[in-house]
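A.B. asks: Residue numbering for the sequence shown is 7 to 320, as defined by the numbering used here.
Virtual Cβ for every residue (Gly too), placed ideally from N, Cα, C.
The structure is given below, and queries will be raised subsequently.
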Amino acid sequence: MKLPELKIGNKIARVPIQQGGMAIRLSTARLAAAVANEGGIGLIAASGMSHDELRYEIRLARSLTSGIIGINIMVAASDFAGVVKTAIDEGIDLVVAGAGFSRDMFGLGKESGTPIVPIVSSVKLAKISERLGAAAIVLEGKEAGGHLGTNTSVRDLIPSVSAAVKIPVIAAGGVLHGQDIVDMIKMGAAGVQMGSRFAASVESNAAPALKEYYLKSKPEDIVVIHSPVGLPGRAVRTPFSARVMEGPVPPKTCDACLKACRHNFCIIRSLIRAQQGDVETGLVFTGEYMPRIDKILSVHEIFEQLLSEAAAAK
7 MKLPELKIGN
17 KIARVPIQQG
27 GMAIRLSTAR
37 LAAAVANEGG
47 IGLIAASGMS
57 HDELRYEIRL
67 ARSLTSGIIG
77 INIMVAASDF
87 AGVVKTAIDE
97 GIDLVVAGAG
107 FSRDMFGLGK
117 ESGTPIVPIV
127 SSVKLAKISE
137 RLGAAAIVLE
147 GKEAGGHLGT
157 NTSVRDLIPS
167 VSAAVKIPVI
177 AAGGVLHGQD
187 IVDMIKMGAA
197 GVQMGSRFAA
207 SVESNAAPAL
217 KEYYLKSKPE
227 DIVVIHSPVG
237 LPGRAVRTPF
247 SARVMEGPVP
257 PKTCDACLKA
267 CRHNFCIIRS
277 LIRAQQGDVE
287 TGLVFTGEYM
297 PRIDKILSVH
307 EIFEQLLSEA
317 AAAK
């Protein structure tokens, strides 16, 4: 099957693949630009970044590609509106927002004409998003990494959600191969979002120790933790996540990075530790199928493989 283009607002991706916005600092300019250069949509993970750092990453990505570059940001972040405004001021192509839902973000996008793409997991939120002005939605199933909004497989969600809205539905969770992309498009999705496969890529900003940890993970290592954001999150079992599952690991200091925080642990600092290669005291967010990845590939190799598999798919 020849994959269709993916149109979001006035932006058209030649290949209907959006790279997940993996924080903290896993998906930075280098990864996002590499994906955009292959015809997909590259996302910079803005959560945990200062405004100046975000500006730098957006400008760097622009110097590396003429393709489509967006940001991903947690709605739960205390500086959510400021980050979105900064990205829009830098001329970002789209804003993807997860870990919560905000009606206010649609107004920010409307003023500038910037497509706003919320991450949802239900027909109800998909319809609300469309009514409020979303350019598209990312429909996330239980297989996804990071914060989760459902216990239902994305494959069970796609038919009902795509029938309920007219805007593009980008399916996320458990997408690793070309056959997965073809299956989801046939179910009604306009495209897919892939996180795990790009987290374990050459261009991912994860430290080598973290990438090796991904490759060593086994199905029984994938766990669900309770995040301070107030949502469950899928992660690889580490000594730290095992402690979090047993009870609170209260932070010694608080940066007030979330609008509302349970203070059972510091999510920003633990994700930063993992990104830097500390898999003992870091939080390693991951998709359910990360253990199926056995090799670190370049973004170009990943796209070649996906397109070849899609062409051969039934």
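Is it the case that the region 306-315 contacts the region 161-174, given that we only count it when at least three CB pairs across the two stretches are under 8 angstroms?
C.D. replies: These segments do not touch.
A.B. asks: If you draw a straight line from the alpha carbon of Pro-257 to that of His-269, how long is it in whole angstroms?
C.D. replies: C-alpha separation (whole angstroms): 7 angstroms.
A.B. asks: Can you list, in chain order, the residues of its chain with a C-beta nearer than 6 angstroms to that of Ser-67? Leave out the 5 residues immediately preceding and following it.
C.D. replies: According to the sequence displayed, residue 67 carries Ala and not Ser. So the qualifying residues of the chain are Ala-35, Ala-38, Ala-39 and Ile-75.
A.B. asks: Please list the terminal residues of the continuous alpha helix (DSSP H) segment that includes Gln-185.
C.D. replies: Per DSSP, Gln-185 belongs to the alpha helix (DSSP H) from 184-193.
A.B. asks: Can at least three beta-carbon pairs, one atom from the region 199-216 and one from the region 117-124, be found at a separation below 8 angstroms?
C.D. replies: As far as the Cβ criterion goes, the region 199-216 does not touch the region 117-124, which means the pair count is below three.
A.B. asks: In angstroms, rounded to a whole number, what distance separates the CA positions of Pro-245 and Gly-288?
C.D. replies: Straight-line Cα distance between these residues: approximately 8 angstroms.
A.B. asks: For Phe-291, does the three-state DSSP call read helix, strand or coil?
C.D. replies: Reduced to three states, the DSSP call for Phe-291 is strand.
A.B. asks: Examine the Cβ distances between the region 122-139 and the region 229-242 and report whether three or more of them are shorter than 8 angstroms.
C.D. replies: Because the criterion of three Cβ pairs below 8 angstroms is not met, the region 122-139 and the region 229-242 do not touch.
A.B. asks: Are the region 267-282 and the region 126-135 in contact at 8 angstroms, needing three or more beta carbon pairs?
C.D. replies: Verdict: no, contact absent.
A.B. asks: Looking at C-beta atoms only, is the number of pairs between the region 21-31 and the region 83-92 that lie closer than 8 angstroms three or more?
C.D. replies: No: fewer than three Cβ pairs fall under 8 angstroms.
A.B. asks: Express the C-alpha separation of Val-171 and Leu-303 in angstroms, rounding to a whole number.
C.D. replies: Roughly 36 angstroms between the two C-alpha positions.
A.B. asks: So who's on the other strand from Pro-238, going by DSSP bridges?
C.D. replies: Pro-238 pairs with His-232.
A.B. asks: Assuming Leu-32 and Gln-281 form a contact by the criterion Cβ under 8 angstroms, report the distance between their Cβ atoms to the nearest whole angstrom.
C.D. replies: Right, their Cβ atoms sit about 6 angstroms apart.
A.B. asks: What's the gap between the Cα of Lys-301 and the Cα of Gly-152?
C.D. replies: For Lys-301 and Gly-152, the distance between alpha carbons rounds to 21 angstroms.
A.B. asks: Between the alpha carbons of Asp-261 and Thr-158, how many angstroms are there, rounded?
C.D. replies: Approximately 34 angstroms, taken between the alpha carbons.
A.B. asks: For the candidate residues His-57, Leu-70, Val-242 and Lys-8, whose alpha-carbon lies nearest to that of Ile-333?
C.D. replies: No statement about residue 333 is possible, as the shown extent of the chain runs from 7 to 320 and does not include it.
A.B. asks: Going by DSSP in three states, Pro-22 sits in which element: helix, strand or coil?
C.D. replies: Reduced to three states, the DSSP call for Pro-22 is coil.
A.B. asks: Can you check which of these residues, Ala-51, Gly-104, Ile-23 and Ala-105, is closest to Ile-98 by C-alpha distance?
C.D. replies: Considering only alpha carbons, the answer is Ala-51.
A.B. asks: What does a CB cutoff of less than 7 angstroms around Arg-243 pick up in its chain, not counting 5 residues either side in sequence?
C.D. replies: Counting only Cβ-Cβ distances below 7 angstroms, and skipping sequence neighbours, we find Asp-227 and Val-229.
A.B. asks: Just the C-alpha distance for Arg-240 and Val-188, rounded to the nearest angstrom, thanks.
C.D. replies: If I take the Cα positions, the gap works out to 25 angstroms.
A.B. asks: Identify whether Ile-299 lies in helix, strand or coil by the three-state DSSP scheme.
C.D. replies: In the structure shown, Ile-299 sits in coil (DSSP, three-state: anything other than H, G, I, E or B).
A.B. asks: Just how far apart, CA to CA, sit Ser-108 and Ala-248?
C.D. replies: Going by the C-alpha atoms only, they are around 31 angstroms apart.
A.B. asks: Please state whether the Cβ-Cβ distance between Tyr-220 and Ile-299 is less than 8 angstroms.
C.D. replies: In contact: Tyr-220 and Ile-299 (Cβ atoms closer than 8 angstroms).
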